[in-house]
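Chains as they are written, first to last, in the working numbering: chain A, 2 to 189; chain B, 2 to 189.
Number of protein chains: 2
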Amino acid sequence: MARWQPGTRERLQQVSLELFGERGFDAVTVAEIAQRAQVTERTFYRYFADKREVLFDGQDTLVHAFVAGVGEAPAGLSPLELAAAALDRAADFFADERRSWSRARQSVIENDPALQERELLKLAALSAALSCALQERGVSNQRAGLAADLAVSVFRISFVRWIAAGEQQSMRELQRDVLETLQALTSS
Amino acid sequence: MARWQPGTRERLQQVSLELFGERGFDAVTVAEIAQRAQVTERTFYRYFADKREVLFDGQDTLVHAFVAGVGEAPAGLSPLELAAAALDRAADFFADERRSWSRARQSVIENDPALQERELLKLAALSAALSCALQERGVSNQRAGLAADLAVSVFRISFVRWIAAGEQQSMRELQRDVLETLQALTSS
């Protein structure tokens, strides 16, 4: 039996994404993933609850980064500045070496309506968590809801740019650019 | 066999909502709805594809109102003004006599996770349709995506206020108020 080995999680993720890309998410079994990664199925389940979790595994980390970005921001910031701090903090998650993984992941998700729904629910949960974090910093309910939705919109639109073919700018740069566009849009 | 009668659709909606509220969405059958509305099941299916559609029947009308609001706005408006025109147009959908139905509907949805997911998907589809409509008015892809997300956020937050107990303001007034809050939020 394969024991815990450094890099097993990453290998399982890599192999899963290859298989999903080759044959579609639905058609791939955990047995096939385990076989190609040269581990047992049991080892797979030590890392992931099911094959879908291979794709959505980072969700908690991402939400945590947004919430921590708000919680750790200095005092005296406006709701929008708090949202910008959350976006900056979350950008650390999208290091350049993650870009090709994110591209391949997105392509799998775009080919499967159920995964697209899951992705939308993920963004809604992110907005709700961010709204709570803003309220804990004293932002009123309504403003917190708006600022959280804005941040998620900026995040989503920046992410699409970040994974576009040939894009070189970092997630942080893109988010700042989109946030500026948003401010120009609403100041008219 | 019951033939088409004026008000049958409305009676089916009313009776469905009563039953969903009494016993939960999942537990209610189309047979029960038809029985209480004193029509045949076949009549029910002449109006709705299934019991879920009783709740989501207005979706196409709402999306159409948003899109028409953009399409019919005068020339020379900014993206945000186009979004505001869409919101105003959609507000007509939420006449005061609809408020108690909307409250009861919301309470059914909040008690059923699958219906909540459906509601989120509905809002995502609305944002996508609105973004397309804005692009047809010459707004760039990125600005259209942002403005559409903003409008849906304003709509969602205003709707929660509109159905709150004791709320008297119209959907149009609430949306304008939330849009102003949004502008104040992003101008800092």
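Don't be surprised by glycine CBs; every beta carbon is placed ideally from N, CA and C.
In this text, all values refer to a predicted model and were calculated from it rather than measured experimentally.
Across the structure, V68/B and A134/B are spaced so that their CA atoms are roughly 6 angstroms apart. Chain-order list of chain B residues neighbouring E118/A: E118 and L122, by C-beta distance under 8 angstroms.
For N142/A, the enclosing alpha helix (DSSP H) stretches over residues N142 to W163. Residues of the stretch 121 to 152 of chain A with a C-beta atom less than 8 angstroms from some C-beta of chain B are L121, L122, A125, Q143, R144, G146, L147, A148, D150 and L151, listed in chain order. Shown in chain order are the members of the stretch 79 to 109 of chain B whose Cβ falls below 7 angstroms from a Cβ of chain A: S79, P80 and L81.
In this structure, the beta-carbon distance from L147/B to L121/A does not fall below 7 angstroms.
Counting along the chain, the unbroken alpha helix (DSSP H) around Q36/B starts and ends at V31 to R37. Boundaries of the alpha helix (DSSP H) harbouring P114/A: P114 to E137, taken from the DSSP string.
Classified as exposed, R43/B has fewer than 16 neighbouring CB atoms from the shown chains inside 10 Å of its CB.
Taking 7 angstroms as the cut-off, the beta carbon of L127/A is found closer than this to the beta carbon of V153/A. For I158/B, the chain A residues whose C-beta falls within less than 7 angstroms of its own C-beta are Q143, G146 and L147, listed in chain order. For Q176/B, the enclosing alpha helix (DSSP H) begins and ends at M172 to T187.
In the structure shown, V109/A falls within a helical segment according to DSSP collapsed to helix, strand and coil. Taking 7 angstroms as the cut-off, the beta carbon of F94/A is found no closer than this to the beta carbon of A125/A.
Boundaries of the alpha helix (DSSP H) around A87/A: P80 to A92.
L63/B has its alpha-carbon roughly 14 angstroms from the corresponding atom of R173/B.
Close CB contacts of D89/A within its chain, under the 7 angstroms cut and outside five residues either way in sequence, are with G70 and R173 (chain order). Non-local C-beta neighbours of L183/B in its own chain, meaning closer than 7 angstroms and more than five positions away in sequence, comprise L151 and V155, ordered along the chain. For R43/A, the enclosing alpha helix (DSSP H) begins and ends at E42 to Y48.
For Q169/A, the three-state secondary structure derived from DSSP is coil.
Taking the beta carbon of L183/A as reference, the chain B residues within 7 angstroms of it are L147 and T187, listed in sequence order.
About 14 angstroms separates the Cβ atoms of L18/B and F45/B, ruling out a contact at the 8 angstroms cut-off.
Among the residues facing chain A, S154/B is included, as its CB has a counterpart in that chain under 7 angstroms away. Listed by position along chain A, the residues whose Cβ is nearer than 9 angstroms to that of V16/B form an empty set, because the closest Cβ is around 30 angstroms away. Close to V179/A, with beta-carbon spacing below 8 angstroms, are these residues of chain B in chain order: Q143 and L147.
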